[in-house]
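Its first residue numbered 28, the sequence shown is counted upward by one per residue in this note's numbering. Note that beta-carbon positions come from the ideal geometry of N, C-alpha and C, so glycine has one too.
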Amino acid sequence: MNTLKKTLLCSLFVLPSLAQAVDIAGKVGAQSRFFTHDEKLQSSLLVEPELYWSDEERRNSFTFKLFARYDALDDARTHLDIREALWLHVGDSWEFRAGIGKIFWGVTESNHLVDVINQTDLVESIDGEEKLGQPILQGTILRDWGVLSAFVLPGFRDRTFPGIDGRLTGQIIIDTHNPLYEDNDKKDHFDYALRYTNSIDIFDFGLSWFKGTNRDPHMVYQSLENNLHQPSAIPLYDQMQQFGVDAQATIGNWLWKIEAIARDDSIGNVGAFTAGFEYTMVGFVDITDLGLLMEYNRNSRNERSPSPLQNDIFVGARLAFNDVQSSQLLIGYTQDLTESSSKSAFIEGSRRLGESLKLTLDVRLFTTDNPTMPLYGIRNEDYGSVTLEYYF
């Protein structure tokens, strides 16, 4: 029995008796992605139910969230994941969590450098925002001098990748059935993390430390090609240690943000940071708020970094219409500042339809002429996506 199953079974022991009230919510939806280069359509269905229980004193609670997608094109995108199965106990000035959970760290928009707890669910979204559930034990103390959390992570989740028939593969087939691990414990390796957060005057900041299996795999490319004459690669998950800092300063309508890391892995030492601002114009047009964003991304590994954000500038605009339908629109553009001149852009929009429906738009564009850049493999994978979800 692997670590993920053991953790889930342990968390189920804290489920309340059937006599206790359980809140049930969630969503079901349908999505279509249209790829403009070859005019291909990729359709899928999704469901995400959620159960929540807490005792009368609200000292104990349990959250269970399941995610499943069926994709008509890509078998690897047809998958099921437990996003959360998490028990929370709240003390007078401390908290304890156990089970499967999702932890987010960071403040910037274009890149989340310090966010290292959960594995990326890459078949869901190329922007890295979607995460797999992580087996977790977390203890937190809350004091006047800040919040300190300690994490024990008993088990590792492999990154998901599109399959042979999938899209946004970078023209490389990833062999997810035979991953490599630097540590002999492989998926059963225990990882550890610490995080301290505090707010002082206009500043909100966090300091973090992580030691364990790298969520970002290195690719070991195969010398032989498969029957489809496409190059293939095996993910290699090495061990790493990372120190991180994230901070945000609120000055009037300005939000100044930074995330920075120092990481040591099997390749060596690397430093990276993302820094910038968001300026909000309240009441820009009628009740609409406009946020203007700009961030600079720098990675000391330059072309050796698997991330496309090596020496890049990001600009964007966020529109919040503040209407009954909760309409929102986010537009972003990223430009590589080296000679490669790689570019990418996106549009994300959402709007409620009535009481229970939500319509979401996602457009992604990629451009580069340099074969050494990470975006080169998906330069012909521009797409537009429409998702309709029903919330219950």
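Pick helix, strand or coil for residue i, following the three-state DSSP scheme.
| i | result |
| --- | --- |
| A299 | strand |
| D291 | strand |
| P401 | helix |
| R391 | strand |
| D409 | coil |
| D202 | coil |
| L366 | The amino acid occupying residue 366 in the given sequence is Glu; Leu does not appear at that position. Here E366 sits in coil by DSSP. |
| G331 | Note that residue 331 corresponds to Arg in the displayed sequence, not to Gly. Correct three-state label for R331: helix. |
| D102 | helix |
| S81 | strand |
| S371 | strand |
| L39 | Here the model assigns L39 a pLDDT of 49, short of 50, so the residue's position is not dependable, and the following value carries that caveat. Helix at L39. |
Tell me residue i's beta-bridge partners as DSSP assigns them.
| i | result |
| --- | --- |
| P508 | Since the displayed the chain opens at 28 and closes at 419, residue 508 lies outside it and no answer follows. |
| N338 | R325 |
| Y418 | K54 |
| A379 | Reading the sequence as shown, one finds Arg at residue 379 and not Ala. R379 pairs with K385. |
| H245 | L263 |
| V74 | V55 and A95 |
| N225 | F232 |
| D316 | A347 |
If the criterion is Cβ atoms closer than 7 Å, does the pair residue i and residue j meet it?
| i | j | result |
| --- | --- | --- |
| V150 | P189 | yes |
| V141 | S235 | yes |
| A302 | Y323 | yes |
| D228 | M267 | no |
| I163 | L180 | yes |
| I130 | I144 | yes |
| Y264 | N296 | no |
| A260 | G193 | no |
| V342 | M321 | yes |
| T387 | S371 | no |
| Y208 | K238 | no |
| P258 | I199 | yes |
| E375 | L195 | no |
Where do the ends of the beta strand (DSSP E) carrying residue i lie?
| i | result |
| --- | --- |
| R96 | N87 to D98 |
| H106 | H106 to V117 |
| Q269 | Q266 to I278 |
| G239 | F230 to T240 |
| G190 | Looking at the DSSP string, G190 is not in any beta strand (DSSP E), and its letter there is neither H nor E. |
| D363 | Q355 to D363 |
Restricting to runs no shorter than 3 residues, where is the beta strand (DSSP E) found entirely within the stretch 42-71?
As summarised for the stretch 42-71, the continuous beta strand (DSSP E) elements at least 3 residues long and confined to that stretch are 50-62, given in chain order.
Counting only runs that start and end within the stretch 125-182, where is the beta strand (DSSP E) found for 3 or more residues in a row?
161-170 and 173-181
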